[in-house]
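Following: one structure in structure tokens, then a few remarks.
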Amino acid sequence: MTQAAPNAARLSIGEVLDELRADFPDVSISKIRYLETEGLVEPERTPAGYRKFSRADVERLHLVLRVQRDTYWPLKVIRQKLDDLDRGIVASDDEGVLQVPRVIMSPDGLPTSDTFSRGPQEMRFRRAELLQASGIASDLLDEAEQYGLIVPAQGAYSEADVVIAKTLGDLSGFGLGPRHLRAFRTAADREVGLVEQIVEPLRRRRDVGAQARAEETAHHVASLSVVLHSMLVKNGLRRRG
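Counting with our numbering, you get residues -12 to 228 for the letters of the sequence shown.
As structure tokens, then:
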């Protein structure tokens, strides 16, 4: 993540108060400090201890104050909603049902370079959220982790993990469990190794844009490798049909 310049576009608590009062006339400095104490906003501090708020902090305060005014939710619920938004989690309906992330494919159903790229804010899921979004049982997730098909990072699961879990659930209906599917993990690791062999020289370059070209190349080669795999399976099934 790019580090912002010190105090760049930072506002004092008084300046934040002036902005907020346009929509929330009753807001006060003590109210802003209280929301900070409750962990709903975390402004930077100068060496002298003064608060400095970013534009994101101000937007966050706007959201909290609007939700308090319009919904009367307790702070505990608001804090959870903010945490969900920070991780990219958005409920698909009023019941809080989480959606399985959409896999970007071309019109013919094959992966593209965009399939392998990250969005501006990739969703992160807790274990219970992954189980809810994918619809699989806890023991199937345990087995998937045991065989390396799903590997959480620091206790969180990625969008791809949710799609993998959903796919494992579908395959389990045909009697295929994670222990039968270890070969897919091995094959994927080999494909990643081939992509890395191509991309690593690009990453070592020091010219402007080298990293961006390396990422673009990795995504393109990865999509080609998956297309090749898909067509080899297709031809194999055709020959046996």
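Note that the Cβ used here is the ideal one computed from N, Cα and C, for glycine as well.
Note on Pro98: 16 or more other CB atoms within 10 angstroms of its CB, so buried under the neighbour-count rule. The beta carbon of Val186 is closer than 6 Å to those of Ala201, Thr204, Ala205 in its chain, skipping five residues each way along the sequence. The Cβ-Cβ distance between Glu178 and Ser212 falls below 7 Å. Between the region 139 to 150 and the region 111 to 125 there are three or more C-beta pairs closer than 8 Å, enough to call the two in contact. Judged by DSSP in its simplified three-state form, Ser15 adopts coil rather than helix or strand. Between the C-alpha atoms of Thr58 and Tyr37 there is a straight-line separation of about 32 Å.
Secondary structure note for Asp157: its alpha helix (DSSP H) is the uninterrupted segment 146 to 159. The three-state reading of DSSP puts Ala140 in strand, counting E and B together.
DSSP places Pro30 in no alpha helix (DSSP H); its state is neither H nor E. Bounds of the alpha helix (DSSP H) holding Phe171 are 169 to 191. DSSP, reduced to helix, strand and coil, places Leu219 within a helical segment of the structure shown.
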